Amino acid sequence: MPSFNKNIDSVGVGFASFFTAPPEDVIRFTVGQPDFSTPALIRNAAIKSLENGETFYTRQPGSESLCSAVAKYLNEEFNINAEMERILIAPGCKQTILYALMGLGNPGDEVMLLSPSWATYDAQIKLLGMNPVHVPVKRENYHPDFDKMEEAISEKTSMILINSPNNPTGAVYTPEEIKKIIDFAERNDLWILSDEIYATMTWVDWPHVSPASLPGGFERTIVIGGWSKSWAMTGWRLGFLTGPENAMKALFKCHANAATHVPTFLMPAAEVALSCKKEVAEMTDAFRERRQRIIENLKGIKGLRVPNPEGAFYVLMDITGTGMDDMTFAKRALDEARVHLIPGSLMEKGDGLVRISYATSIENIDEGCSRLKKWLNEL
Ligand SMILES: Cc1ncc(COP(=O)(O)O)c(C=O)c1O
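Numbering (our numbering), first residue to last: -7 to 371.
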């Protein structure tokens, strides 16, 4: 019998089982995707491109025009020194992370994660024969615990993968913390993989800051982003990546051999998206309002502790005060309150936590929270 990748059994499929639609009467707080349609201008650009016959192989990292637009966007919005020649467009942010790990890491390397973290990181690292090192974030606010990071570093650590604004915690790291992460990476000679897919969604009075925009950060940071969240384009599978020239050379090779390029006719649409400021602002405002609503609704519910959700569209509740473990909580919430939630222990260091995605209507937010409240009060 031919064998398998020896790490395959230690790899899960993220939250996949929680993404199948629950029965109709259930309020679904599980899916991490905007519930808005992709704006019409973007859709129409793809249709036009198809009708123009733009269906052939093209420049592998992405059209010059799209890569220039991404470089301009990153410079203007996030002060990141990006140039057309160092931009790579890939099938989803998920795949860009794989390229970064594949192109910069070696089997046996340790990759530091600040956890609980998005489950895909753990799986990708293992599939490549590397080892994830999950350093718990501070339980009270989900921000980095620098003492624990110092304790976890080893000779084998070659990268730290950060994600701010964060899924699943909702934390937005402060500019000071980002500086400290750069300092930590410099002292230990690490690459910083910075997943910034939720960069436009911050709800606090400090901005999203990319390590690539700060002194010492640029040379060692791979900036990862994509269209899924800010432009409501999850199904389009479009992500981007930039970094210093030496790293990008390696990552271009991964992409050239894995995907060639993203669909040619999606490139003009991705470019149009970058100019859709009004549409993005409208969706962002809706998320801001929903976040406010969910904070109010969850206030004072028996047994729940809800650290301030600072960014993205997630609330990570500490449910230990209910006396249940998170798996039991999620199962009973579904059976008894008809609310669908993600149990934190699907992620390392997520025990006792339960994630809500508030990428859903205000009506659903009101109804789902009121069901949770009633259920917990009556226990
Ligand atoms: C932190 C994080 N990174 C990346 C992704 C994946 O993005 P994409 O749809 O572009 O692959 C997600 C999706 O949920 C995410 O939460």
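A virtual CB, placed ideally from N, CA and C, is assigned to each residue, including glycine.
None of these values were measured; they are calculated from a predicted model.
query	result
Between Asp317 and chain D, is the shortest Cβ-Cβ distance under 7 Å, so that the two count as touching?	No chain D appears in this structure, which consists of one protein chain only.
Apply the 10 Å Cβ neighbour rule to Glu263 and answer buried if 16 or more other Cβ atoms are within range, or exposed otherwise.	buried
How is Glu102 classed by DSSP in three states: helix, strand or coil?	strand
Using 8 Å as the Cβ pair cut-off and three pairs as the minimum, do the region 142 to 149 and the region 87 to 104 touch?	yes
Measure the C-alpha to C-alpha separation of Thr252 and Glu178 and round it to an integer number of angstroms.	33 Å
Is the region 121 to 131 touching the region 185 to 195 in the sense that three or more CB pairs, one from each, lie closer than 8 Å?	no
Helix, strand or coil for Trp367? Go by DSSP, reduced to three states.	helix
Given 6 Å as the limit, tell me if Glu85 has its C-beta closer than that to any heavy atom belonging to ligand 1.	The sequence shown places Cys at residue 85, not Glu. Yes.
At what residues does the alpha helix (DSSP H) containing Pro207 begin and finish?	Segment: none, Pro207 is in no alpha helix (DSSP H) and carries neither H nor E.
Excluding five sequence neighbours on each side, which residues of the same chain lie with their C-beta closer than 7 Å to the C-beta of Leu258?	Ala38, Trp228 and Leu230
Please check the pair Arg297 and Asp318, which I expect to be a contact at CB under 8 Å, by giving their CB distance rounded to whole angstroms.	Contact flag wrong, Cβ pair sits at about 13 Å.
How about Leu80 and His247: do their beta carbons lie closer than 7 Å?	yes
Taking DSSP as the reference, what is the three-state secondary structure of Leu182?	coil
Let me know the secondary structure DSSP gives Ala351 once reduced to three states.	coil
Answer yes or no: the CB of Gly303 versus the heavy atoms of ligand 1, is any distance below 6 Å?	no
Rounding to the nearest angstrom, what Cα-Cα distance links Phe210 and Ile174 in this structure?	9 Å
So the candidates are Asn238, Ala273 and Lys245; which of them puts its Cα closest to the Cα of Ser222?	Ala273
Is there contact between the region -5 to 4 and the region 107 to 127, where contact requires at least three CB pairs shorter than 8 Å?	yes
Is Asp187 a contact residue of ligand 1, with contact defined as CB to any heavy atom under 6 Å?	yes
Would the region 350 to 358 and the region 280 to 297 be scored as touching if the rule is three or more Cβ pairs under 8 Å?	yes
Could you tell me if Trp183 is buried or exposed, where buried requires 16 or more neighbouring beta carbons within 10 angstroms of its beta carbon?	buried
Let me know the secondary structure DSSP gives His126 once reduced to three states.	strand
Which class does Asn67 belong to by DSSP, given the choice of helix, strand or coil?	helix
With which residues is Ala82 paired in a DSSP beta bridge?	Gly231
Which residues in the same chain have their Cβ closer than 8 Å to the Cβ of Gly303, if we skip the five residues on either side of it in sequence?	Ser156, Pro157, Asn158, Gly162, Ala163, Val164, Tyr190, Met193, Thr194, Trp195, Val196 and His200
Compare the C-alpha of Leu308 against each of Leu326, Asp327, Lys341 and Glu281 and name the closest.	Lys341
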